[in-house]
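Per UniProt numbering, residue 1 is the first one in the sequence shown, and the count goes up by one each step.
A short write-up of the structure that comes next.
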Amino acid sequence: MQLHQYSISETISKRYFQEIDNINQYAGIEDFFVLESRLIFEIYHLEATKAKKTLHEIIDILSARFGKQVIKVVRSYFVTLSSIVARKLLDNQVPSKKAFAFNLACADMVENKMKDAEFLQFADDLVEFYVYFIADRKQPTFRHQTVNKVIMYINDELENDLTVESIAANFHISTSHLSRIFREHVGITLVEYLNVRRVEESQYYLRHTNKSITSISEQFHFCNQSYFTRIFKKYTGVTPKHFRDELHHEFFRFEMSEVVYENV
C-alpha cells in the first residue's frame, strides 16, 4: 500500500515539474489567482455583472492553456469554484448543512445540466445563482439588533411553518413589540416579509426543479395553491406557472433598506 502511495506521489511530482517547464509559453497564467480573488470579492459583494466578466477572463486563461480540452477543465473549475463559494457561505454564518447542500447542488448542475456548447451561458447562470444565494445570507445592518437577528432566523427557518407568534416566542418578546419594531425599521410588516421571502425562495424551485406548483406551495406553507398564486403574482407580476414556463422573467428580489423618519 505504501509503495502505491509513493508511486502516485512520484507521478504527481513529475507532472508538476513538467507543467512548470511548460507554463511560461501560456500568456496570462500569472493572473489566474488574482482574477479568482477578484471574482470571489465581486460575487461576495453581489456585483454580478463584474463577476461574469471576470469569470470569462478566467475561462480565457483556461482556454489558452488547455485548448480542445477546455470544456472538461471548465467543468472541473466550476465545481471547485462552487466549493470556494460554499466556504464563503460558512464564513457568513450559513448553517453547514445548507452550505454542503449548496455545494452538492452546484456540482450536480455542472455535471448533469451544463451543455458543452453553452458553457459560457452556464458560467453566467452560475454567477447569478451564487449572488442570489449570498444575497440571502448577507448580514442585515438595521440599527435594531433584534430585527437583524429575526431576519437571519427567517432565512434559516423559512421552510418551517413560521408565524409572527412562533418568531416572537423564539426571541422571548411579545408579538406586538416584534411587529412594531420590524415595521419601524424594515418598512413592511413581518407577515409581508415572510411572504416576500417565501416568494423569493419559491422562484428557484419553480425554475430549477420539477416539483409541482402545489408541492412548492405546501413546502413554503401557503394555505393553498390559489393563495400562493395570488401572493406570487403580487410581487413578481406573473403567476407561478408563467414564471416557470417563460424563462425570460427575471427573479424578484425585495430590496431592504433602513426606514428613516424625518423629525417634524
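Ideal Cβ positions, reconstructed from N, Cα and C, are used throughout, including at glycine.
Assign residue i to one of two classes, buried (16 or more other C-beta atoms within 10 Å of its C-beta) or exposed (fewer than that).
i	result
residue 42	buried
residue 141	exposed
residue 251	exposed
residue 108	exposed
residue 10	exposed
residue 99	buried
residue 93	exposed
residue 193	buried
residue 17	exposed
residue 7	exposed
residue 198	buried
residue 33	exposed
residue 1	Note that residue 1 scores a pLDDT of 48, beneath 50, so its modelled location is shaky; the value from the coordinates is reported in the next line. Its Cβ having fewer than 16 others within 10 Å, residue 1 is exposed.
residue 160	exposed
Cβ of residue i within 7 Å of any heavy atom in the ligand NAD?
i	result
residue 197	Ligands are entirely absent from the displayed structure, and the ligand NAD is therefore not among its contents.
With C-beta atoms as the reference, is residue i less than 8 Å away from residue j?
i	j	result
residue 20	residue 65	no
residue 148	residue 137	no
residue 102	residue 81	no
residue 181	residue 144	yes
residue 56	residue 123	yes
residue 200	residue 129	no
residue 59	residue 35	no
residue 164	residue 174	no
Flag this pair as touching only if the region 68 to 79 and the region 111 to 125 have three or more C-beta atom pairs under 8 Å; answer yes or no.
-> yes
Touch check for the region 214 to 230 and the region 182 to 191: three-plus C-beta pairs under 8 Å?
-> no
Touching or not, the region 199 to 214 and the region 239 to 247, by the rule of three or more beta carbon pairs under 8 Å?
-> yes
At a cut of 8 Å, does the region 40 to 58 reach the region 121 to 135 through at least three beta carbon pairs?
-> yes
Can you give, in chain order, each stretch of the beta strand (DSSP E) that sits fully within the UniProt domain "HTH araC/xylS-type" (148 to 246) and has at least 3 residues?
-> none
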